[in-house]
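Quick note, the sequences are listed as chains P and F, same order.
Residue 1 is where the first sequence starts when you use full-length UniProt numbering, and the numbers rise one by one after that.
Residue 1 is where the second sequence starts when you use full-length UniProt numbering, and the numbers rise one by one after that.
Heads up, the beta-carbon is just placed ideally off N, CA and C, and yes, glycines get one too.
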Amino acid sequence: MTSSKQALAHPATSADAAPGSQPGAARGAQGRGTPPPGPDSWRSRLYRWDMKASPYAFIAPFFIVFGAFGLVPLLYTAWYSLHNVQLSGLDHQTWAGLDNYKNLLSSEFFWNALENTFTIGVISTVPQLVMAIGIAHLLNYRLRGSTVWRVVMLTPYATSVAAATLVFTLLYSWDGGMINWLLHFVGVDPINWRESDWGGQFAVSSIVIWRWTGYNALIYLAAMQAIPTDLYESAALDGAGRWQQFRHVTVPMLRPTILFTVVVSTIGATQLFGEPLLFGGVSGSKGGSAHQYQTLGLYMYDQGWGIGNLGKASAIAWTMFLILLIVAAINLLITRRLRKSQ
Amino acid sequence: MRTSTRRSRRLGALAAVAALTTGLLAGCANDSNDGSSNSGDGGGGGKGKTTLTIGTFGVFGYKQAGLYDEYMKLHPDITIKENVTTRTDVYWPKTLTRLQAGSGTDDIQAIEVGNITEAVQTQAEKFVDLGKDVDKSQWLDWKTAQATTKDGKTIGIGTDIGPMAICYRKDLFQKAGLETDRTKLAAQWKGDWAKYVDLGKQYMKKAPSGTKFVDSASSVYNAALGGESERYYDKDGNVIWDKSSGVKKSWDAAMTVATSNMSAKLKQFDPTWDQGFAKGSFATVACPAWMMGYIQEKSGDAGKGKWDVAAAPTAANWGGSFIGVPTAGKHQKDAIALAKWLTAPEQQAKVFAKQASFPSTPAAYDSLKPAAATTSYFSDAPITQIFADSAKTIPVQNFGIKDQPIGTAITDIGILQVEQKGKSPDQGWNAAKAEIKDVLGQ
């Protein structure tokens, strides 16, 4: 620690002592060893290279990896989406133009999947965020064992999708599942959660809610703790109760955080895949016997890997990408509006 | 001066990027060499051990029956490694892409019967012709025919098959006042799955509380279809599923089950289905040979001696696999030898003894000995004979490229809608029809 302080302090003094010499070079060289003998020397040029090129070299790995595993597949998928490609005949692709996209737009399964993605997205994201903010508010009070509560909040998020979904599948099973067992005490007939139209969507949403509520609550909690306490104090002095404090102090101060979680959750909802796939059990990529919870992600998977129609699956992938861009654009618009109104 | 610095700057960046790239690429290259299936000790020396990999799905029983250890003992220079993927629907797409990429395949790849036609018609050049190396007469004719191309190339050799029987709960039958003797039962439903379904109606009249006659309508559908020569495709590879007499008959049987409250409405291979075995919530299940191991595992000790086996209404086949040697493999000779050994009648008999996977080589049938535990579990039923009789009379069936997804559309969309959503059989049929149109890209 001390040595680095000395090193920092030293160049300034040396530059002061000898204003004629190259202060910049000397300053830079201090950290690297011997100072270069002159401005045009090989050493100084190497040094300049180093300064200019090294950052590129340091950031290059990400871009190379992104290019190889992100950009190339993306473009390749676009190329595939314009062809008839079967999984069993990758070498025999024939040009299809926009046929895959046209098929998609005229396919009832596509529109069904789009609708499901939207409805499941709404019924999982909205309650999730509302509950998260409430829980965060409660955790923000002075509590005994607050760390324990916070850690517990995060456990569902740490659980694997597969494990969580498996447990939920058993809970929701229509014959001998715990939820139907509980319902029978209130006199409700057993519900076939998986195959009923709204039951499946509800069940899938509940898994999503269970997994992500705690995660969002912790984000809100972090943001809440950054709110200055004097705001609450003055609100309390003005006679505001807990609820009024929450409404008039906490929520407005949390606005940027709420927006962030909305954006992230929307993207997550658009890409929903693992929960409905595993909830469906065998042939889960169909999303239930009437496709009642087949999301876009599942439809793509079913077309590509279940049926083997890679061209159409690629078209779905690109359509999803476009939808995400639209969603992002809408979010951006709303964010700007809100910022202006503040 | 200025230009020169700029150029040098660029050069520097380029050099750095180039250095990194080559480093990365070299890394990749090394990785792919190490990660390939042929990670023997160098391979150049020829003295090191050869590692053969075999890609399978589910439980093949080779490891369980100790066949790998036995082979390695016989051939000290060979090490065998099995790469198991649990689910077929994950295994097959993965294998397809690797076959076509020509890398990453195992030395031996298993192929499920539902995928064999696709493999024969689209991947034939990616597999070694095993027809020359083996004595084809060892196998049931229809089995080898399924893995043989039009110009006579055999891309896979048969492992197990799925000859059909009916496994039933003797104790539940007795409570329902039905016949419990296996030969008399078999005689009651012989020849027609509709008779089996009729017996279900009788069962339901006096059914022990909490039990149904059968696990699911789909299982009846699959079992019945396994005995029909006409399935989804005709001989020339045209889709005929909606005109097929076999599909019609099997569908009708399944619809009777789905609409008459005799089904426990479980989806096969779901956790709830497993629970159904454990709780004894259904009295019969269509029982290809491989199902016996499953029943034993899921019903547990509580079911011991309560299960019995009777001949199915028709000789039928459900499931079974092949193993092939991809041309991309580097130890083809060794792989062929291993594949040949694994599928030879003696080895198939050993797998049957351990795992109840039924041999596709009739020569093995005389020497078949089910494990003592299995025999006593199924009330000392003459399992071997029941399955062997079925195996010898199974009709030749035509498979097609999209056999698997078409079957899934019928069972998991069409039948399930009727059975679990209360739709009418016509609605179910139309839903399956729309789904199959989507599958076939029409």
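Check: Closest Cα partner of VAL85 (chain P) within the set P:THR270, P:ASN100, P:SER41 and P:ALA329; Outcome: P:ASN100
Check: The beta strand (DSSP E) enclosing TYR168 (chain F), as first and last residue numbers; Outcome: 157-169
Check: Element boundaries [beta strand (DSSP E), containing SER321 (chain F)]; Outcome: 317-324
Check: Members of the region 265-286 of chain P near chain A, C-beta cut-off 7 Å; Outcome: Looking for chain A here will not work: the only protein chains present are P and F.
Check: Contact check, SER357 (chain F) vs TRP290 (chain F), beta carbons under 8 Å; Outcome: yes
Check: Beta carbon proximity, ILE133 (chain P) to chain F, threshold 8 Å; Outcome: no
Check: Start and end residues, alpha helix (DSSP H) containing GLY297 (chain P); Outcome: 296-301
Check: CA nearest to the CA of GLN244 (chain P), picked from P:LEU183, P:LEU298, P:HIS137 and P:PRO127; Outcome: P:HIS137
Check: Buried versus exposed call for LEU333 (chain P) [16 or more other C-beta atoms within 10 Å across all chains shown]; Outcome: exposed
Check: Neighbour list for THR169 (chain P) in chain F, Cβ cutoff strictly below 7 Å; Outcome: PRO271
Check: Proximity test, Cβ basis, 8 Å: VAL325 (chain F) and chain P; Outcome: no
Check: The beta strand (DSSP E) enclosing ILE78 (chain F), as first and last residue numbers; Outcome: 78-85
Check: Alpha-carbon spacing of ILE157 (chain F) relative to ASP135 (chain F), whole angstroms; Outcome: 10 Å
Check: Proximal residues to GLY40 (chain F) (C-beta, below 7 Å), its chain only, five neighbours per side dropped; Outcome: For GLY40 (chain F), the predicted structure reports a pLDDT of 40, less than 50, and the residue's modelled location is therefore unreliable. The matter cannot be settled from this model.
Check: Minimum Cβ-Cβ distance from ASP412 (chain F) to chain P less than 8 Å; Outcome: yes
Check: Reduced DSSP secondary structure (H/G/I, E/B, other) of PHE63 (chain P); Outcome: helix
Check: Alpha-carbon spacing of ASP34 (chain F) relative to ASP77 (chain F), whole angstroms; Outcome: Because the pLDDT of ASP34 (chain F) is 37, which lies under 50, any placement of that residue in the model is unreliable, and the question is left without a value.
Check: Proximal residues of chain P, C-beta to C-beta of VAL439 (chain F) below 7 Å; Outcome: ILE307
Check: Interface positions of the region 81-97 of chain P facing chain F (Cβ-Cβ less than 9 Å), listed along the chain; Outcome: ASN84, GLN86, LEU87, SER88, GLY89, LEU90, ASP91 and HIS92
Check: Check whether VAL282 (chain P) and ASP270 (chain F) have beta carbons under 8 Å apart; Outcome: yes
Check: Completely contained alpha helix (DSSP H) runs for the region 351-426 of chain F, where each covers 4 or more residues; Outcome: 372-377, 383-392, 403-408 and 416-421
Check: DSSP bridge partner residues for LYS73 (chain F) (one or two, in chain order); Outcome: None, per the DSSP bridge assignment.
Check: Beta-carbon proximity of ALA290 (chain P) to SER124 (chain P), cut-off 8 Å; Outcome: no
Check: Test: ASP426 (chain F) CB closer than 8 Å to a CB of chain P; Outcome: no
Check: Three-state secondary structure (DSSP) of GLN123 (chain F); Outcome: coil
Check: Against chain F: residues of the region 104-116 of chain P by CB proximity under 9 Å; Outcome: SER107, GLU108 and PHE109
Check: Straight-line Cα distance separating LYS249 (chain F) from PHE279 (chain P); Outcome: 32 Å
Check: Distance between THR119 (chain P) and ASP395 (chain F) (C-alpha atoms, nearest Å); Outcome: The residue you asked about is not Asp; residue 395 (chain F) is Pro in the sequence shown. Roughly 48 Å separates the two Cα atoms.
Check: Exposure label - ASP31 (chain F); buried when at least 16 CB within 10 Å; Outcome: In this prediction, ASP31 (chain F) has a pLDDT of 37, which is less than 50 and means its spatial position is unreliable; what the coordinates show is noted afterwards. It is exposed - the Cβ of ASP31 (chain F) has fewer than 16 other Cβ atoms within 10 Å.
Check: Given 8 Å, three or more beta-carbon pairs between the region 220-228 of chain F and the region 271-282 of chain F; Outcome: no
Check: CB contact below 8 Å: ASP230 (chain P) versus chain F; Outcome: no
Check: Contacting residues, own chain, Cβ-Cβ under 7 Å from GLY400 (chain F) (five flanking each side not counted); Outcome: THR117, TYR232, TYR233, GLY237 and VAL239
Check: Partner residues on chain F for ASN192 (chain P), Cβ-Cβ distance less than 7 Å; Outcome: GLN420
Check: Residue from F:ASP426, F:ALA311, F:ALA337 and F:ALA310 with nearest C-alpha to ILE323 (chain F); Outcome: F:ALA337
Check: Cβ-based burial, ALA187 (chain F) [other Cβ within 10 Å; buried from 16]; Outcome: exposed
Check: At least three beta-carbon pairs within less than 8 Å, the region 95-107 of chain F to the region 117-127 of chain F; Outcome: yes
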